[in-house]
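Peer 1: As you go down the protein sequences, you meet chains A and B in turn. The working numbering puts the first sequence at residues 60 to 252. The working numbering puts the second sequence at residues 60 to 252. Where is the CB? At the ideal position from N, CA and C, for every residue including glycine.
Number of protein chains: 2
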Amino acid sequence: MENRKSQIIELALRNIREKGYLSFSYDDLAKELGVTKASIHYHFIKKEDLGLAVCTKLKEGLEKSFLNIEQAPINSDDKPWEFISRRANEIGNNEVCPLSSLQADYNFLPMAMQESVQQLSIMEIDYLAKILDEIKKEGKLEITQDTGAFATLIISSIKGALQYRRVVGEDLYSIVLDQLKLLVKGNHEVRHK
Amino acid sequence: MENRKSQIIELALRNIREKGYLSFSYDDLAKELGVTKASIHYHFIKKEDLGLAVCTKLKEGLEKSFLNIEQAPINSDDKPWEFISRRANEIGNNEVCPLSSLQADYNFLPMAMQESVQQLSIMEIDYLAKILDEIKKEGKLEITQDTGAFATLIISSIKGALQYRRVVGEDLYSIVLDQLKLLVKGNHEVRHK
DNA sequence: ATACTAACTTACTAATAGGTAAGTGTCAAT
DNA sequence: ATTGACACTTACCTATTAGTAAGTTAGTAT
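(1) How would you label residue 117(A), buried or exposed, when you count the other beta carbons within 10 angstroms and need 16 or more for buried?
(2) If you run the structure through DSSP and keep just helix, strand and coil, what is residue 130(B)?
(3) If you run the structure through DSSP and keep just helix, strand and coil, what is residue 82(A)?
(4) Between the Cα of residue 179(B) and the Cα atoms of 109(B), 115(B) and 89(B), which residue gives the shortest distance?
(5) In this structure, how does DSSP classify residue 155(A) when only helix, strand and coil are distinguished?
(6) Please give the ranges of any alpha helix (DSSP H) in the segment 169-196 of chain B, keeping only runs that are unbroken, at least 4 residues long and fully inside the region.
(7) Could you tell me the distance, in whole angstroms, from the CA atom of residue 79(B) to the CA atom of residue 237(A)?
(8) Are the C-beta of residue 223(A) and some C-beta of chain B separated by less than 9 angstroms?
(9) Buried or exposed for residue 74(B), going by 16 or more other Cβ atoms inside 10 Å?
(10) Note down the Cα distance separating residue 67(B) from residue 70(A), rounded to an integer number of angstroms.
(11) Could you tell me if the beta carbon of residue 231(B) falls within a distance shorter than 8 angstroms of some heavy atom in the ligand MN?
(12) Any contact between the segment 90-107 of chain B and the segment 120-135 of chain B? By contact I mean 3 or more CB pairs, one from each, below 8 angstroms.
(13) Applying the 10 Å Cβ sphere with the 16-neighbour rule, what's the burial state of residue 95(A)?
(14) Taking Cβ positions only, does residue 198(B) come closer than 9 angstroms to chain A?
(15) Consult DSSP for residue 164(A) and reduce its assignment to one of helix, strand or coil.
(16) Could you tell me whether the segment 218-235 of chain A touches the segment 165-178 of chain A, using the rule of 3 or more Cβ pairs below 8 angstroms?
(17) My guess is that residue 206(B) and residue 191(B) are in contact by the Cβ rule of under 8 angstroms, so how many angstroms apart are they, rounded?
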């Protein structure tokens with residue numbers, strides 16, 4: 060992709076993590092790049108176009124993360140947490156997950172973006188469920204029959220934790236992550252000893 | 060409190076659940092009430108004043124919920140879920156938790172509101188932790204030593220779930236709630252049979 | 001009747017938003 | 001040398017935002 064165009068997408072993505080889709084303006088981006096508002100409009104005629112480009116980038120990133128984890132040389136037990144950590148590490152302490160941010164603005168997004176956000180939301184849970192399925196196959200996970208439901212719990216809590224973290228401080232995210240790990244491990248150990 | 064004033068607070072609260080603090084305007088409220096924008100400004104000179112009034116109301120509601128649950132004639136095992144359900148039932152399918160909504164706009168809130176949101180965020184977790192402590196005292200909860208950490212997990216996942224629900228559909232919230240209940244009960248049963 | 005107050009309306013401001021039209025400078029291909 | 005595409009800028013438009021100042025109306029107390 061052209062350099063400037065992807066630069067703008069990256070900038071918009073950071074702004075979405077920090078402020079949300081509705082709360083960043085073309086002028087914000089223009090000032091950060093040292094150009095005029097109209098220059099951003101040249102690359103992305105409407106804000107919706109830029110928003111959709113960001114969604115596409117998020118989708119690509121999600122797919123890449125999943126494929127990377129699937130063939131990573133680590134224990135399948137660790138894969139769910141590695142999947143989550145890698146994605147969460149891209150989010151600063153003063154930011155939230157970009158998908159959460161888009162969900163927060165959901166009622167005001169143009170329809171095409173709503174569809175994309177919906178699709179991404181489901182995809183992320185499904186990918187984690189697939190990763191959990193592998194552990195289950197190996198007999199290492201019995202905490203729940205329903206990996207889809209368990210994946211939903213994990214993703215929900217991580218997203219919630221990242222939003223809380225920005226308000227009440229860094230610790231909160233790792234507390235939640237540790238609790239999740241403890242639940243899986245604790246249960247597993249109890250049943251197999 | 061005067062009728063109109065509390066009516067405006069209620070309306071602002073609903074707007075925050077639906078749209079967020081930044082995305083509702085005095086004109087929105089005015090149109091819904093059939094009055095002019097300036098009339099809202101008469102009751103709440105600045106938007107921040109209205110925002111703080113909403114925060115106060117949220118705080119009162121949270122305290123009331125906690126006190127009601129503490130002295131409710133139900134098993135202490137059920138109290139955490141009753142606490143959560145009662146609060147979640149006030150949130151429509153097209154809305155999110157008002158506190159989550161304020162957290163999403165956190166970086167743009169006036170400082171006084173940021174402080175209030177931070178306080179509320181901590182309070183809610185602490186109240187749930189207290190409810191969990193009672194179960195622990197009765198020996199009915201051994202899933203975790205740290206009720207504070209477990210309360211953090213529960214609140215995070217519920218908040219995350221409510222935000223997902225609006226995007227991907229009603230089921231998601233009850234899936235997460237069921238998973239949480241299953242984790243507590245499952246673990247308890249395993250250890251005591 | 002007068003004065004006072006609560007709850008407004010009318011009419012405005014300045015700032016910011018997304019978006020557009022027309023023009024400018026730079027470069028590469030012909 | 002000319003054309004044409006690319007990446008812009010200048011200058012504008014309309015709508016919306018929070019907020020303000022001044023006037024109006026209805027009811028209440030004296």
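Peer 2: So, from the listed chains and residues:
(1) If you number the first sequence from 1, residue 117(A) lands on position 58. The residue in question, residue 117(A), is buried, as its Cβ has 16 or more Cβ neighbours within 10 Å.
(2) One-based indexing of the second sequence puts residue 130(B) at position 71. Residue state, collapsed to three classes: coil.
(3) As a first step, residue 82(A) is located in the first sequence; it is residue number 23 there, counting from the start. Coil, per DSSP.
(4) Indexing the second sequence from 1 puts residue 179(B) at position 120. Selection 109(B), 115(B) and 89(B) evaluated against residue 179(B) yields 115(B) as nearest (Cα-Cα).
(5) Here residue 155(A) is taken as the residue at index 96 of the first sequence, counted from 1. Note: residue 155(A) maps to coil in three-state DSSP.
(6) 170-196
(7) The residue given as residue 79(B) occupies position 20 in the second sequence. The residue given as residue 237(A) occupies position 178 in the first sequence. Approximately 31 angstroms between the Cα atoms of the pair.
(8) In the first sequence, counting from the first residue as 1, residue 223(A) sits at position 164. With 9 angstroms as the cut-off, residue 223(A) counts as an interface residue toward chain B.
(9) One-based indexing of the second sequence puts residue 74(B) at position 15. Counting Cβ neighbours within 10 Å, residue 74(B) comes out buried, since at least 16 surround it.
(10) What you label residue 67(B) is simply residue 8 of the second sequence in a count that begins at 1. What you label residue 70(A) is simply residue 11 of the first sequence in a count that begins at 1. Approximately 37 angstroms between the Cα atoms of the pair.
(11) Because no ligand of any kind appears in the structure shown, any question about the ligand MN cannot be addressed here.
(12) Counting Cβ pairs under 8 angstroms, fewer than three are found: no touch.
(13) Along the first sequence, read from residue 1 onward, the residue named residue 95(A) stands at position 36. Residue 95(A) should be labelled exposed.
(14) Numbered from 1 along the second sequence, position 139 holds the residue referred to as residue 198(B). It does not: the Cβ of residue 198(B) has no partner Cβ on chain A nearer than 9 angstroms.
(15) Counting from one through the first sequence, the residue named residue 164(A) turns up at place 105. Coil at residue 164(A), not helix or strand.
(16) no
(17) In the second sequence, residue 206(B) corresponds to position 147, counting from 1. In the second sequence, residue 191(B) corresponds to position 132, counting from 1. Beta-carbon to beta-carbon, residue 206(B) and residue 191(B) are separated by about 4 angstroms, close enough to satisfy the 8 angstroms threshold.
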